[in-house]
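Q:
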Amino acid sequence: MSNASVPIEELATERFFRDFDAADVAKLAPHSRLISYAEGTTIFRASGPADRFYLVRTGRVALFLPSLQEDVIVQTLGPGEALGFSWLAPPHLWRFSATATSDIELIEFDAAALRQAAIVDRQLHDLLMTRMFDVVARRLEATRMQLLDIYADQRPT
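Shown next as C-alpha cells:
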C-alpha cells in the first residue's frame with residue numbers, strides 16, 4: 839500500500855473518468871492512492887462509515903447484502919468498475935458490504951476530500967454526480983435482478 843497519489847495520467851485511463859478533462863482529473867488525483875487486499879478481505883461492511891470511494895484496478899469484489907440466514911450477493915465488480923456510492927450522500931454509511939473474491943488492487947479516494955472538491959467546483963460536482971448516478975442506477979438494477987431471482991421460487995403458482 840502506498841500513500842502516494844495516483845499519477846494523473848494513470849487516473850485518466852480509468853473508465854470512470856472517460857468524460858473528465860485532464861484538469862478535472864488533476865483536482866481528484868491528490869485524494870487518491872493505490873491499495874491492495876488479499877482474497878477474502880472485507881473492504882467495508884454495511885452500516886459502517888462510508889469515508890472512501892474506490893475504483894477496481896485488478897481482481898474481483900463481491901457486493902452483498904448481509905443477512906442472518908444467507909448473505910445475498912448483489913453484484914461482482916471487476917477491473918474498471920466503481921465500488922461504493924454511499925460516500926456521496928448523508929448519512930455516509932455503506933448500504934452494502936464488500937469482500938475481495940480474489941487478490942485485488944484498488945484506487946482509493948478520500949470521500950470527504952471529493953465532496954469538498956465538488957462543493958468548490960460546480961463542473962466537477964456535475965461530472966461526479968452524473969457518473970455516480972450511473973453507478974447507483976446499475977447497483978439498483980443488479981439488486982432488483984437478484985431479488986427477482988430470490989423471490990421467483992416463492993411466487994404462488
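For the sequence shown, the numbering used here puts the final residue at 995, and the numbers step up evenly by one.
Just so you know, even glycine gets a beta-carbon here, dropped at the ideal spot from N, CA and C.
Note that this is a predicted model, so its numbers are computed, not measured.
What is the DSSP secondary structure of F882, reduced to helix, strand or coil?
A: Secondary structure of F882 (DSSP, three-state): strand.
Q: Can the beta-carbon of R898 be found closer than 8 Å to that of S935?
A: no
Q: CA-CA distance, S924 and A888?
A: 6 Å
Q: Considering just the uninterrupted stretch of the beta strand (DSSP E) at A938, what are its terminal residues?
A: S935 to A938
Q: List in chain order: all unbroken beta strand (DSSP E) runs of 3+ residues lying wholly within the segment 929-971.
A: 935-938 and 942-948
Q: Closer than 7 Å by C-beta to L962: which residues in its own chain qualify, once you throw out the five before and the five after it? Chain order, please.
A: D862, K865, A955 and A956
Q: Buried or exposed for A938, please, with buried defined as at least 16 other CB atoms from any protein chain shown within 10 angstroms of its CB.
A: buried
Q: Give the range of the beta strand (DSSP E) segment to which A900 is assigned.
A: V899 to L903
Q: Using DSSP bridges, identify the partner residues of L893.
A: A920 and I945
Q: Would you call the segment 890-897 and the segment 941-949 touching, i.e. three or more CB-CB distances under 8 Å?
A: yes
Q: Less than 8 Å separating the beta-carbons of F858 and L965?
A: When the beta-carbon positions are compared, F858 and L965 come within less than 8 Å of each other.
Q: With burial defined as no fewer than 16 other Cβ atoms inside 10 Å of the residue's Cβ, what is the status of P977: buried or exposed?
A: A small fix is needed here, since residue 977 is Arg in this sequence, not Pro. Under this definition R977 is a buried residue.
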